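Reminder that position 6 of the sequence shown reads as 20 in my numbering, one-by-one numbering, no gaps.
C-beta: ideal position from N, C-alpha, C; glycine also.
Values in this document were obtained by computation on a predicted structure and should not be read as measured data.
Here the structure is laid out as structure tokens; the discussion comes afterwards.
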Amino acid sequence: MTNTFRIVRWSAYTWCIVCAISVLGIAAHQATKFVNVWQYRPFIVYALVCSCLTILGLAALCLRSQPRFDVIGIAIFTILWLALGAYSADIIGYVQCETLSGQLKQTQNGGHYSAMAWCREMKAIMAFSFATFGILLVCLIILLALIINLHARGVMGVWGASVSELPWFGQFGDDRHHHGYPVPEMVGQPQYSGNVIHQLPGHEVIIENGQVRQVPTGMPISPAY
């Protein structure tokens, strides 16, 4: 069966990496012109750090990860991109770039740069930031929903298993090792395979009046009625 969650997860992370690379490129371009200008430096540095951390972090999660690491990492990246989107909206959110036509901004080397071009770059960073935030938030919600669903089915070791093997909604199945996640078997009832009775560890098999029971070793045996 095709693992739908793996496809969705890789597609979402790939899109977020593409957005982060775009922001990194724009921020690096602005850094060559405004990084030494005090009013632009904090934003440029934050955009560079946020995009670099996202690219490296998501690439590492795509290679190998566990649900607990994915949840922590995605939660951190979601907050970072929400902050970057809010930061850029605070700077340029209500400005119409066309109104800046013909205006120039002073660069760090004493030159000038088009204010309208700078405005459009800031708008692009804001759009990529909110888009990445939205995708990461949806990924976090879906991941938590799948983990909670598996917990409800008795899979207690899901946090330490491979996140790539998480089954999608409706693909959980009833088998004991579906997608690599073992479901604990019910203890206390004998297991049958043909005419063979599988004795549970630490139990005794009692056959009385055509009935088969298994009781813990050393427990007083009462007659079956």
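Sequence-distant residues of its chain with Cβ nearer than 6 Å to residue i (five each side left out)
| i | result |
| --- | --- |
| residue 91 | 68, 150 |
| residue 153 | 26, 88 |
| residue 83 | none |
| residue 115 | 130 |
| residue 19 | 180, 182 |
| residue 34 | 65, 68, 69 |
Buried or exposed (CB count within 10 angstroms, at least 16 for buried), residue i
| i | result |
| --- | --- |
| residue 146 | buried |
| residue 140 | buried |
| residue 61 | buried |
| residue 191 | Unreliable positioning characterises residue 191 in this predicted model, as indicated by a pLDDT of 46, which lies under 50. The coordinate reading is nonetheless provided below. Classification of residue 191: exposed, given that the 10 Å Cβ count is below 16. |
| residue 72 | buried |
| residue 166 | exposed |
| residue 86 | exposed |
| residue 93 | exposed |
Rounded separation between residue i and residue j - CA only
| i | j | result |
| --- | --- | --- |
| residue 178 | residue 53 | 43 Å |
| residue 24 | residue 156 | 13 Å |
| residue 36 | residue 168 | 42 Å |
| residue 75 | residue 63 | 18 Å |
| residue 129 | residue 79 | 43 Å |
| residue 50 | residue 137 | 21 Å |
| residue 31 | residue 170 | 31 Å |
| residue 109 | residue 100 | 14 Å |
| residue 102 | residue 57 | 8 Å |
| residue 45 | residue 162 | 44 Å |
| residue 160 | residue 184 | 10 Å |
Boundaries (first-last residue) of the alpha helix (DSSP H) holding residue i
| i | result |
| --- | --- |
| residue 120 | Taken as a continuous stretch (DSSP letters only), residue 120 belongs to no alpha helix (DSSP H), being part of the beta strand (DSSP E) at 118 to 120. |
| residue 22 | 18 to 48 |
Residues near residue i by beta carbon distance below 8 Å, same chain, minus five either side
| i | result |
| --- | --- |
| residue 209 | Note on residue 209: pLDDT 47, under 50, position unreliable in the model; the coordinate value appears next. Nothing listed; no residue qualifies. |
Beta-carbon contacts of residue i that lie in its chain and below 7 Å, excluding the five residues immediately before and after
| i | result |
| --- | --- |
| residue 127 | 47, 118, 119, 121 |
| residue 142 | 33, 36, 37 |
Minimum Cβ-Cβ distance from residue i to chain E less than 8 Å
| i | result |
| --- | --- |
| residue 174 | Note that chain E does not occur in the displayed structure, where there is just one protein chain. |
Could you tell me which uninterrupted alpha helix (DSSP H) segments, each at least 4 residues in length, are contained entirely in the segment 73 to 114, listed from first to last along the chain?
81 to 106
Could you give the uninterrupted runs of the alpha helix (DSSP H) lying entirely in the segment 126 to 152, keeping only those of 4 residues or more?
none
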